[in-house]
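A.B. asks: Start counting the sequence shown at 71; every next residue gets the next number (my numbering).
Here it is, the structure in full.
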Amino acid sequence: MITFTPADEMHRLAKRAMDNGTVASRQEAEALLRGYRIALSIGPDEAIDRHHQAALLTAVELGRRVFLGGVTVEGDLDVPLNVPVSPGQTLRHAVAAAGGTPGAATAGIPHISIGGLAKQKSDGFSIRAVFDGWRGGIVPGHAEGPDRGEIGSMALAPMLAAALAINEAFLHLSGDSPFAGKRTAGLNLWNLSRSTDWMSCDASTPELSYLPSRLWLIGLGHLGQAYLWGLGLLPYSADAKVELLLQDVDVITPSTESTSILSDRTMLGEKKTRVTAKWAERRGFATAITERLFDETCLRHHNEPSIALCGLDNAVGRRALDQVGFDFVVEAGLGRGHQDFRSLLIHTLPGEMSANTLWKDEDEGSQTAVDAAAYRKMLDEGSLDRCGVTLLAGKAVGAPFVGAVAATLVLAEVLRLLHGGALHRMVDMNLVDLAYVRAVPQLRDFSAFNPGFFTAEGRRP
Numbered sequence: 071m072i073t074f075t076p077a078d079e080m081h082r083l084a085k086r087a088m089d090n091g092t093v094a095s096r097q098e099a100e101a102l103l104r105g106y107r108i109a110l111s112i113g114p115d116e117a118i119d120r121h122h123q124a125a126l127l128t129a130v131e132l133g134r135r136v137f138l139g140g141v142t143v144e145g146d147l148d149v150p151l152n153v154p155v156s157p158g159q160t161l162r163h164a165v166a167a168a169g170g171t172p173g174a175a176t177a178g179i180p181h182i183s184i185g186g187l188a189k190q191k192s193d194g195f196s197i198r199a200v201f202d203g204w205r206g207g208i209v210p211g212h213a214e215g216p217d218r219g220e221i222g223s224m225a226l227a228p229m230l231a232a233a234l235a236i237n238e239a240f241l242h243l244s245g246d247s248p249f250a251g252k253r254t255a256g257l258n259l260w261n262l263s264r265s266t267d268w269m270s271c272d273a274s275t276p277e278l279s280y281l282p283s284r285l286w287l288i289g290l291g292h293l294g295q296a297y298l299w300g301l302g303l304l305p306y307s308a309d310a311k312v313e314l315l316l317q318d319v320d321v322i323t324p325s326t327e328s329t330s331i332l333s334d335r336t337m338l339g340e341k342k343t344r345v346t347a348k349w350a351e352r353r354g355f356a357t358a359i360t361e362r363l364f365d366e367t368c369l370r371h372h373n374e375p376s377i378a379l380c381g382l383d384n385a386v387g388r389r390a391l392d393q394v395g396f397d398f399v400v401e402a403g404l405g406r407g408h409q410d411f412r413s414l415l416i417h418t419l420p421g422e423m424s425a426n427t428l429w430k431d432e433d434e435g436s437q438t439a440v441d442a443a444a445y446r447k448m449l450d451e452g453s454l455d456r457c458g459v460t461l462l463a464g465k466a467v468g469a470p471f472v473g474a475v476a477a478t479l480v481l482a483e484v485l486r487l488l489h490g491g492a493l494h495r496m497v498d499m500n501l502v503d504l505a506y507v508r509a510v511p512q513l514r515d516f517s518a519f520n521p522g523f524f525t526a527e528g529r530r531p
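Printed below as a string of structure tokens:
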């Protein structure tokens, strides 16, 4: 039987309240999250549409990890399930499996509508998760959504909209933003330029036609599992033999569930590689696993995937990303502290700067909240010794909706590569305010690189 440390058991978003001084104990932090509830709703037309189903299930999976008081789902859920990322034959079964509770919404709690038309203005928190084409975001419940284009919805746009909706609801309940629920916020995954209005159609945006055929995923926690969820939403045909190489060394701990979309407490002690491989194979993907630390000795063989998606949280592994033979790498890093956990940074490699230069001075363990009142209380009461407190304080604050947004950006870089779109050397943003996205163009020319691809099923969702 595996014994877990207090650091392994800590809910990563509850830790935020300890680190910022909102609460004085771990018990108070977890009770705070148990006091958070939200309601989701979906209309009859949206309930049978696979993209809206994807948005709903993403919102449930993320929401039940954040709002521990429960996620209620209202709507006609007794319809066939049209997305392949969840078990069951009906949307109701999938919602329940994801941790949602079908039923009428309780008055007075934050409400998120999945798509649908603008509603009557209300006094409480009410927003809609909306998407079209490669664009996804949130609007107040009474506001109009984005312009409708002619290419249908790209499969990652619903995931993006759902993640931003959960972020917005948490901003509201936590009191971190007075503007939460009163604004529009979103992204265009085809064009991240700050001058681009995500609410408007972009004539240059292509229909999703090409999908990656072979990928190497490094790190299978918060980010890696979000990558897999996004890949699972892409419209692969039934005969597409997608090959995934999954790499990690860790096991599922109690804290894993709080950030990682494919994990739950039934998996405690299992290797992340085995858990994610099972999920991917149920989705129809072929998998291989490697259970060794990623560093400069992990040389890629010529017949292994040439595109890597990195979700590591350590600088040693990141410094090796352009040294082991990958032709294209997309890497995401997330903020670790209670003030910056909503920040995310995306890199593509190889580029103008080497990975060793990019992460030359990084020391992810240099700053902790060990002096916060909650940790001092643990020391004073003797519930943890100095070593245990230091270990717990050094763990990152994390929220699953941040990793989900990052995953849509990471996968969009690969999709734009396949469609001849713009690539970015770096994308820098914070989910508190998407108006300040910084997207730096990738100057390296990848136009001659053909990593292999599949044609999207139906080509027009």
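Each residue gets a CB set at the ideal place from its N, CA and C atoms; glycine is no exception.
Keep in mind that this is a model prediction, so the values were computed, not measured.
Is the beta carbon of Gly251 less than 7 Å from the beta carbon of Ile197?
C.D. replies: Yes, the Cβ-Cβ distance between Gly251 and Ile197 is below 7 Å.
A.B. asks: Within 8 Å, do at least three Cβ pairs link the stretch 213 to 220 to the stretch 156 to 170?
C.D. replies: No, the stretch 156 to 170 does not touch the stretch 213 to 220.
A.B. asks: Are the stretch 465 to 479 and the stretch 232 to 239 touching, with three or more C-beta to C-beta distances below 8 Å?
C.D. replies: Touching, per the Cβ criterion.
A.B. asks: How many whole angstroms separate the CB atoms of Gly32 and Leu481, which I take to be in contact at a CB cut-off of 8 Å?
C.D. replies: The structure shown does not extend to residue 32, since the chain is modelled only from 71 through 531, so no value can be given for it.
A.B. asks: Which residue wins for smallest C-alpha separation from His417, given the options Ala358, Thr357, Arg389?
C.D. replies: The option with the nearest alpha carbon to His417 is Arg389.
A.B. asks: Taking only runs that begin and end inside the stretch 336 to 370, name each unbroken beta strand (DSSP E) of 3 or more residues, in chain order.
C.D. replies: Counting whole runs of 3 or more residues, the stretch 336 to 370 contains the beta strand (DSSP E) stretches 356 to 360.
A.B. asks: Start and end of the beta strand (DSSP E) containing Arg514?
C.D. replies: Premise fails: Arg514 is in no beta strand (DSSP E) and is neither H nor E.
A.B. asks: Starting from the N-terminal side, write out each stretch of the beta strand (DSSP E) that is 3 residues or longer and does not extend beyond the stretch 103 to 191.
C.D. replies: Taking only runs of at least 3 residues, the beta strand (DSSP E) segments lying wholly in the stretch 103 to 191 are 108 to 112, 141 to 144, 181 to 184.
A.B. asks: What residue does the alpha helix (DSSP H) around Glu79 start on, and which one ends it?
C.D. replies: Run containing Glu79: 76 to 79, per the alpha helix (DSSP H) assignment.
A.B. asks: Could you say which of Arg362, Arg352, Gln317, Leu293 lies nearest to Gly468 if we only look at CA atoms?
C.D. replies: For the residues Arg362, Arg352, Gln317, Leu293, the minimum Cα distance to Gly468 belongs to Leu293.
A.B. asks: For the beta strand (DSSP E) containing Asp202, name the first residue and the last one.
C.D. replies: Asp202 -> beta strand (DSSP E) spans 196 to 202.
A.B. asks: Determine, using beta carbons only, whether Arg135 and Leu147 come nearer to each other than 7 Å.
C.D. replies: The answer is no: Cβ separation not under 7 Å.
A.B. asks: If you run the structure through DSSP and keep just helix, strand and coil, what is Ile377?
C.D. replies: Of the three classes helix, strand and coil, the one that applies to Ile377 here is strand, per DSSP.
A.B. asks: Could you give the residue range of the beta strand (DSSP E) that holds Ser283?
C.D. replies: Neither: Ser283 is in no beta strand (DSSP E) and is coded neither H nor E.
A.B. asks: For Glu214, which three-state DSSP category applies?
C.D. replies: Looking at Glu214 - three-state DSSP - the assignment turns out to be coil, as it is neither helix nor strand.
A.B. asks: Measuring only between beta-carbons, confirm whether Asn520 sits less than 7 Å from chain C.
C.D. replies: Protein chain content of the structure displayed is limited to a single chain, and chain C is not contained in it.
A.B. asks: Could you round the C-beta distance between Leu290 and Leu314 to whole angstroms and report it? I think they count as a contact, below 8 Å.
C.D. replies: With a Cβ gap of about 10 Å, Leu290 and Leu314 do not count as contacting.
A.B. asks: Roughly how many angstroms separate the alpha carbons of Trp268 and Ala213, rounded to a whole number?
C.D. replies: Near 15 Å, if we compare the C-alpha coordinates of Ala213 and Trp268.
A.B. asks: With a Cβ-Cβ cutoff of 7 Å, do Ala124 and Val153 count as a contact?
C.D. replies: Contact flag set, yes.
A.B. asks: Over what stretch of residues does the beta strand (DSSP E) that includes His408 continue unbroken?
C.D. replies: Unbroken run through His408: none, as it is neither H nor E.
A.B. asks: On the DSSP bridge assignment, give the partners of Asn258 in chain order.
C.D. replies: In DSSP, Asn258 forms a bridge with Arg205.
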